[in-house]
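S.K.: Note that UniProt numbering numbers the sequence shown so that position 310 is 310, with each residue one more than the last. Using N, Cα and C, we set each Cβ at its ideal position, and we do this for glycine too. All values derive from a computational prediction rather than experimental measurement. Right, I'll just put the structure down here and ask away after.
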Amino acid sequence: MAGSEDIFLRAKHRTFSGLTEDAECEWTGPFCFIQAADPQLGLMKAWKDGDCDGGGEEWAEEVELTKQAVEAVNHLRPRPRFMVLCGDLVHAMPDTPFRQGQERDLKAALKGTDPSIPLVFVSGNHDLGNTPTPRTVEQYCSAWGNDYFSFWVGGVFCLVLNSQLFYDASACPQLKEAQETWLEEQLSRASSSTEPKPKHVLVFQHIPLYLKTPDEEDDYFNLQRGVRQNLLDRFKKAGVKAVFSGHYHRNAGGCHGGLDMVVSSAIGCQLGEDTHGVRVVVVTADDVIHRYYSLEQLRARGMDEELRKLLQA
């Protein structure tokens with residue numbers, strides 16, 4: 001069947017079927033998409049063993065959870081326009097044992113996604129290494145697609161960013177500079193009076209700008225304050241509505257100055273009290289509404305009636 005393989009061709013080369021710019025830069029009405037994060041095959045075993053620096057030699061639990069997520073998303077009506085996975089696709093770092101097997105098995109689990117729902121991949125620190133290099137970035141791009149890019153869907157302009165280049169680009173400063181130049185062009189485009197006017201601008205990245213408040217202390221799970229404030233200022237100036245991230249393995253975030261910072265918990269290993277799940281995001285003309293669902297809840301009942309009504313407007 002062409003569909004299952006085609007998902008990865010679309011993801012790799014960024015020519016999303018039905019998400020081409022000419023067709024998608026105009027608003028045509030409310031739609032929904034799925035934001036997921038951190039399937040991170042191998043972390044659950046590594047976490048149980050207390051050896052999170054290791055790659056985790058078992059990942060059957062995460063494979064099953066990913067399949068459950070795919071099943072739940074496939075049964076949603078109306079269908080999501082796309083599903084984005086916000087980083088840490090696998091746990092094994094680049095060039096370490098188990099990496100190849102984890103990537104292979106994650107792709108196999110994701111191939112069950114309905115071919116009408118394009119997959120969008122975001123790079124995380126485990127996908128690139130905590131200190132990425134040109135080699136690890138190229139390995140990621142070869143396996144999953146570009147580490148940063150933009151696309152339009154239903155009149156909404158979306159930016160996918162490599163947050164590891166914000167966090168530690170000491171081994172690849174030229175790659176950081178290239179993304180910075182590109183990002184400035186994209187943000188200028190989003191707010192330009194001569195370009196198509198997006199209904200909303202959304203950002204997807206792995207590491208959150210912040211977990212609770214923009215002025216919180218630096219942490220492993222957020223971006224450094226100087227970097228954070230710079231991005232916040234630029235995003236607000238360009239009219240960004242929301243930033244979606246993962247990395248924290250718990251739900252968190254906040255809304256400050258009109259910009260929503262959405263931190264979603266994991267498909268895979270949970271580090272807090274949340275359950276394995278994904279986030280349903282409904283985009284209307286005026287707002288971006290989102291709700292985190294456990295996999296069990298979404299598979300059994302689908303999205304809430306309140307969200308379905310918004311999609312009928």
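Can you tell me whether DSSP reads R299 as helix, strand or coil?
M.R.: In the structure shown, R299 sits in a helix (DSSP, three-state: H, G or I).
S.K.: Is it the case that the Cβ atoms of Q40 and C269 are separated by a distance below 8 Å?
M.R.: Cβ distance < 8 Å, so Q40 and C269 count as in contact.
S.K.: Please name the residue or residues paired with H200 in a DSSP beta bridge.
M.R.: According to DSSP, which records beta bridges pairwise, H200 is partnered with V156.
S.K.: Going by the CB atoms, is the gap between L211 and F235 shorter than 8 Å?
M.R.: Not in contact: F235 and L211 (Cβ atoms no closer than 8 Å).
S.K.: Taking 6 Å as the limit between beta carbons, can you name the residues of its chain near T96, skipping five residues before and five after?
M.R.: Counting only Cβ-Cβ distances below 6 Å, and skipping sequence neighbours, we find G55.
S.K.: Would the beta-carbon of K237 fall within 8 Å of that of L202?
M.R.: Taking 8 Å as the Cβ cut-off, K237 and L202 do not qualify as a contacting pair.
S.K.: Sorted by chain position, which residues of the same chain lie with C-beta nearer than 7 Å to L310's C-beta, five sequence neighbours on each side aside?
M.R.: Counting only Cβ-Cβ distances below 7 Å, and skipping sequence neighbours, we find P30, V282, T284, I289.
S.K.: Anyone know if the C-beta pair for residue 350 and L128 falls short of 8 Å?
M.R.: Beyond the ends of the chain as shown, which are 1 and 313, falls residue 350; an answer cannot be given.
S.K.: Counting only the same chain and skipping the five closest in sequence on each side, list residues whose C-beta sits under 7 Å from that of D168.
M.R.: Cβ within range, chain order: N130, T131.
S.K.: How do the stretch 53-73 and the stretch 95-110 stand: do at least 3 beta-carbon pairs fall below 8 Å, yes or no?
M.R.: The stretch 53-73 vs the stretch 95-110: in contact.
S.K.: By DSSP, does L231 sit in helix, in strand, or in coil?
M.R.: If DSSP states are grouped into helix, strand and coil, L231 belongs with the helices.
S.K.: Runs of 3 residues minimum, wholly inside the stretch 77-114: which ones carry the beta strand (DSSP E) assignment?
M.R.: Runs of the beta strand (DSSP E) inside the stretch 77-114: 83-86.
S.K.: At the level of alpha carbons, what is the spacing between D218 and T275?
M.R.: Cα to Cα, the separation comes out at about 26 Å.
S.K.: How would you label D286, buried or exposed, when you count the other beta carbons within 10 angstroms and need 16 or more for buried?
M.R.: Exposed, by the Cβ-count rule.
S.K.: Mind listing, in chain order, the continuous beta strand (DSSP E) runs of no fewer than 3 residues lying wholly within the stretch 124-153?
M.R.: Fully enclosed beta strand (DSSP E) runs of 3 or longer: 149-153.
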